[in-house]
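Anchor point for the sequence shown: position 16 equals 16 in our numbering, and the numbering is continuous, going up by one each time.
Just so you know, even glycine gets a beta-carbon here, dropped at the ideal spot from N, CA and C.
Below is one structure, written out as structure tokens; comments come after it.
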Amino acid sequence: MDFYGILKKLEMIKIRELESYLEELDEMLPDDERNFLKSLEKRRATEHELQIMTKKNQSMSLFDELIA
Numbered sequence: 001m002d003f004y005g006i007l008k009k010l011e012m013i014k015i016r017e018l019e020s021y022l023e024e025l026d027e028m029l030p031d032d033e034r035n036f037l038k039s040l041e042k043r044r045a046t047e048h049e050l051q052i053m054t055k056k057n058q059s060m061s062l063f064d065e066l067i068a
């Protein structure tokens with residue numbers, strides 16, 4: 001295994017450790033706070049999807065103008 005392979009493996013181990021730590025913290029939160037954070041995550045995902053759709057629509061409009 002080369003240097004970059006070892007580095008990548010260490011990175012994956014660190015990510016798993018951080019995910020485990022975050023899960024522990026999540027379990028410590030009261031239910032109402034946990035639900036609030038989950039709703040924020042869903043909202044961010046929805047906003048991101050809307051941004052992607054808007055960019056796609058803008059690209060299609062520009063493409064349509066170029067063809068016309």
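Quick check on residue i: does DSSP put it in helix, strand or coil?
i     : result
Met70 : Residue 70 lies beyond the range of the chain shown here (1 to 68); nothing can be said about it.
Leu66 : helix
Leu29 : coil
Measuring only the C-alpha atoms, how far is residue i from residue j?
i     : j     : result
Phe36 : Leu10 : 33 angstroms
Phe54 : Arg43 : It should be noted that the sequence gives Thr, not Phe, for residue 54. In a straight line, the C-alpha of Thr54 is about 16 angstroms away from that of Arg43.
Tyr21 : Asp64 : 49 angstroms
Lys8  : Glu19 : 17 angstroms
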